[in-house]
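Undergrad:
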Amino acid sequence: MLSSSEKVAGQGVSGAYRELVRLLHRDAKDQLIVTENLPIEADVTHFHTIDFPYYLSTFQKKRSGRKIGYVHFLPDTLEGSLKIPFFLKGIVKRYVFSFYNRMEHLVVVNPMFIEDLVAAGISREKVSYIPNFVNKEKWHPLPQEEVAKLRTELGLSDNQFIVVGAGQVQKRKGIDDFIRLAEELPQITFIWAGGFSFGGMTDGYERYKKIMENPPKNLIFPGIVSPERMRELYALADLFLLPSYNELFPMTILEAASCEAPIMLRDLDLYKVILEGNYRATADREEMKEAILEYQANPAALKDLKEKAKNISREYSEEHLLQIWLDFYEKQAALGRK
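The sequence shown begins at 0 in numbering that gives the first Met the number 0 and counts up by one.
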């Protein structure tokens with residue numbers, strides 16, 4: 000395994016990487032020898048990030064073995080996330096696709112990426128879709144007495160309606176709509192967990208930084224939080240809202256689902272494929288506002304969304320994904336020996 004993702008806190012790639020490595024170390028130790036960031040000969044080398052030193056290492060065939068690339072993003076998906084100078088955009092795009100072309104096989108976390116990769120000249124047979132998953136030992140519902148205690152700590156009453164969002168503070172994540180909803184619904188408490196994982200490189204950094212320093216009274220920005228704290232925030236949520244305009248395969252949705260939080264999302268094509276209707280779909284901010292008011296007035300209606308969250312959690316379970324990964328690595332190692 001080669002990855003530098005954990006150098007940057009509060010972003011989904013590091014979470015997905017750690018979940019996979021932890022699962023393989025725990026449940027596949029009899030089938031696989033898994034190393035991390037070690038310069039050793041291997042049957043399969045799985046590249047989780049596209050660092051330049053990793054790119055150079057792909058020319059050492061004997062050491063790398065079968066080269067597998069993890070496609071967490073495409074150049075176009077960086078729009079609205081990072082501030083990339085115009086003159087560098089073409090260079091970044093060429094480098095990303097050059098890295099992917101150096102791989103002997105690619106794994107996408109987002110099935111919508113497959114057509115984009117094919118359009119870029121990469122063979123369809125060279126691409127597999129394997130979704131993310133989360134650890135249910137880490138992400139699970141909390142007892143009601145703990146939730147009540149958390150509300151007391153935050154000064155929130157038992158009947159105060161709470162909407163939680165999570166992710167990097169970026170335009171792509173729909174953070175502007177989340178802020179506007181807080182302004183338009185002062186009777187609702189909004190919490191957004193996340194910050195600037197890439198610092199000043201984040202698109203809109205200065206503007207969002209000012210808002211976070213002086214938010215509406217009913218909007219809480221706790222910043223980048225620990226997994227333990229994030230689990231508490233999911234437990235607090237009457238409704239988990241991710242208003243992203245563009246997503247890859249958000250770990251936060253899987254985490255929220257595993258914690259049985261009712262989920263509301265912008266109606267993206269990706270979600271129709273990977274979540275199969277197990278969420279409340281909304282077209283825009285106005286529909287989000289109407290849905291929040293609907294659920295505030297009738298909390299019993301959230302029970303259906305809770306059941307749908309459980310469906311998501313079952314679909315993306317560790318047990319299911321472990322066997323998929325084992326079969327994949329075995330096949331790739333065999334191809335590398337030919």
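By construction, the Cβ of each residue, glycine as well, lies at the ideal position given by its N, Cα and C atoms.
These figures come from a predicted structure and were not determined experimentally.
1. Report the rounded CA-to-CA distance for ASP303 versus SER312, giving the unit in angstroms.
2. Tell me whether the beta-carbon of ILE252 lies closer than 9 Å to the beta-carbon of LEU184.
3. For HIS104, write down the residues that DSSP places opposite it in a beta bridge.
4. Could you please give the first and the last residue of the uninterrupted alpha helix (DSSP H) stretch that includes MET263?
5. Report the rounded CA-to-CA distance for TYR270 versus ASP157, giving the unit in angstroms.
6. Please say whether VAL12 and THR48 have beta carbons closer to each other than 9 Å?
7. Restricting to runs no shorter than 3 residues, where is the beta strand (DSSP E) found entirely within the segment 10 to 56?
8. Using beta-carbon positions only, say whether ILE174 and PRO242 come within less than 9 Å of one another.
9. Measuring alpha carbon to alpha carbon, tell me which residue in PRO226, PHE195, VAL224 is nearest MET211.
10. Starting from PRO221, follow the beta strand (DSSP E) in both directions and report where the run begins and ends.
11. Quick check on DSSP: helix, strand or coil for ALA333?
12. Check each candidate in GLN331, ARG179, LYS216, LYS307 and name the one with the smallest Cα separation from GLU285.
13. Given a threshold of 16 other Cβ atoms within 10 Å of its Cβ, counted over all protein chains shown, does PRO298 qualify as buried or as exposed?
14. Suppose you measure from the CA of CYS258 to the CA of MET229; what does that come to, to the nearest Å?
15. Can you find the residues in the same chain that come closer than 8 Å, C-beta to C-beta, to ALA234, ignoring five residues on each side of it along the sequence?
16. Whole angstroms are fine: how far does the CA of GLU246 sit from the CA of ALA192?
17. State the DSSP-derived secondary structure class of ALA296, mapped to helix, strand or coil.
18. State buried or exposed for THR57, treating a residue as buried only when at least 16 other CB atoms are found within 10 Å of its CB.
19. Rounded to whole angstroms, what's the CA-CA distance from GLY276 to LYS307? Just pull it up for me.
TA: Taking the definition as stated:
1. 15 Å
2. no
3. ILE67
4. Run containing MET263: none in the alpha helix (DSSP H); it sits in the beta strand (DSSP E), 262 to 265.
5. 32 Å
6. For THR48 and VAL12, yes; Cβs fall inside 9 Å.
7. Given a length threshold of 3 residues, each whole run of the beta strand (DSSP E) inside the segment 10 to 56 is given here in chain order: 43 to 46.
8. yes
9. PHE195
10. For PRO221, the enclosing beta strand (DSSP E) covers residues 218 to 222.
11. helix
12. ARG179
13. exposed
14. 10 Å
15. PRO140, LEU141, GLU145, VAL146, LEU149, CYS258, ALA260
16. 17 Å
17. helix
18. buried
19. 8 Å
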